[in-house]
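In the working numbering, the protein residues as written are 5 to 374. For each residue, glycine too, the CB sits at the ideal point set by N, CA and C. What follows is a short report on a single structure.
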């Protein structure tokens with residue numbers, strides 16, 4: 005409004021300036037009110053779009069992850085100081101740091117780092133959502149399945165094969181996890197150039213996805229065709245769920261064939277009727293457990309930041325070098341160098357080690373006023 009604009013102009017004339025991106029959070033970091041991982045959690049909290057991503061950001065902002073890293077780092081620092089002291093008395097052949105104790109400490113820290121590193125898959129899923137492609141042959145019921153999952157008529161449904169020419173994207177929150185569904189064109193030999201583009205995009209989406217829902221018209225497909233599809237997904241490397249759709253057509257003869265082939269009892273195969281919304285809730289639950297392998301991990305520290313993941317990985321590798329050095333009996337100066345490397349990477353997470361370029365890269369991603 006006019007009044008607000010005039011007030012802002014008055015402030016500017018008096019020497020007030022607009023805040024830079026992330027400036028207030030940066031000041032909190034520089035003044036020791038929070039460390040770097042906590043500051044990054046502020047941005048994650050603002051960007052969170054699900055209960056789970058919100059919870060991870062809150063835990064990180066409150067310092068749970070930071071405290072864990074600082075504790076590990078301090079234990080290493082204490083031992084590093086003893087090894088550095090040995091180097092000062094190199095001519096006297098004195099050993100201040102018990103090598104056996106150091107080896108056990110390094111192994112203990114590696115166990116903790118490995119758990120944090122392994123949690124990144126789950127953290128990335130929670131933070132960025134799960135790319136879930138709905139694929140299959142034409143007229144298998146892919147668009148009907150999308151509509152059933154969303155509980156609304158989002159995609160056009162027709163008995164004419166090849167209706168979906170382009171991808172349709174929609175999101176659905178399942179137990180705190182965002183699933184980004186992509187409905188694709190039916191995969192077959194294209195009838196025209198436009199459909200061909202759609203089929204190519206479908207294959208591209210499958211390769212990029214975290215999970216593929218492969219929809220099969222059980223009334224018009226053989227078990228051999230499904231086994232062939234399963235082999236294809238295994239080659240691509242994408243997690244997949246086979247949806248035996250159109251159970252409303254009562255394909256009992258077909259079901260017997262699938263039972264004999266061991267397909268019905270397979271853990272990643274579900275029977276549905278998308279039209280009648282049969283087993284849709286069971287499918288949602290199955291989807292959740294497909295990406296969340298260990299639900300109990302949700303209560304532990306979860307890494308969702310790529311920068312933290314890289315630093316943890318490098319620190320783990322440095323500690324592996326320390327362990328190798330201790331076991332092969334190399335001199336203390338080389339062991340000390342590898343410990344310093346591990347400390348450096350852990351310090352990068354909390355910001356005890358940082359550069360101006362790193363800070364600029366992090367805080368310019370914030371919105372203005374935070």
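Top-ranked residue by Cα proximity to residue i, from the options
| i | options | result |
| --- | --- | --- |
| residue 367 | 25, 139, 250, 35 | 25 |
| residue 212 | 294, 237, 7 | 237 |
| residue 61 | 130, 31, 8 | 130 |
| residue 148 | 115, 32, 9, 185 | 185 |
| residue 283 | 152, 371, 260, 323 | 152 |
| residue 123 | 305, 173, 89 | 305 |
| residue 172 | 31, 146, 321, 249 | 146 |
| residue 276 | 15, 239, 249 | 249 |
Rounded distance between the beta-carbons of residue j and residue i, thought under 8 Å
| i | j | result |
| --- | --- | --- |
| residue 319 | residue 117 | 6 Å |
| residue 280 | residue 252 | 5 Å |
| residue 133 | residue 175 | 7 Å |
| residue 350 | residue 77 | 5 Å |
| residue 84 | residue 347 | 7 Å |
| residue 79 | residue 109 | 6 Å |
| residue 292 | residue 179 | 5 Å |
Under 8 Å between C-beta atoms of residue i and residue j
| i | j | result |
| --- | --- | --- |
| residue 219 | residue 188 | no |
| residue 54 | residue 222 | no |
| residue 230 | residue 290 | no |
| residue 107 | residue 362 | no |
| residue 352 | residue 315 | yes |
| residue 247 | residue 210 | no |
| residue 39 | residue 359 | no |
| residue 69 | residue 52 | no |
| residue 214 | residue 295 | yes |
| residue 121 | residue 317 | yes |
| residue 111 | residue 327 | yes |
| residue 139 | residue 216 | yes |
| residue 64 | residue 323 | no |
| residue 325 | residue 342 | yes |
Limits of the unbroken alpha helix (DSSP H) element including residue i
| i | result |
| --- | --- |
| residue 232 | 227-240 |
| residue 308 | Premise fails: residue 308 is in no alpha helix (DSSP H) and is neither H nor E. |
| residue 338 | 336-354 |
| residue 11 | 6-17 |
| residue 50 | 40-51 |
Interface flag, residue i vs chain D, CB-CB below 8 Å
| i | result |
| --- | --- |
| residue 186 | The structure shown has no chain D; it contains just one protein chain. |
Span of the beta strand (DSSP E), counted from its first residue to its last, around residue i
| i | result |
| --- | --- |
| residue 218 | 215-221 |
| residue 137 | 134-140 |
| residue 122 | No beta strand (DSSP E) contains residue 122, which is instead part of the alpha helix (DSSP H) from 103-122. |
| residue 367 | No beta strand (DSSP E) contains residue 367, which is instead part of the alpha helix (DSSP H) from 360-367. |
| residue 379 | The chain is shown only over 5 to 374; residue 379 falls outside these bounds and no answer can be derived. |
| residue 183 | 181-187 |
Beta bridge counterpart(s) of residue i as assigned by DSSP
| i | result |
| --- | --- |
| residue 244 | 216 |
| residue 277 | 282 |
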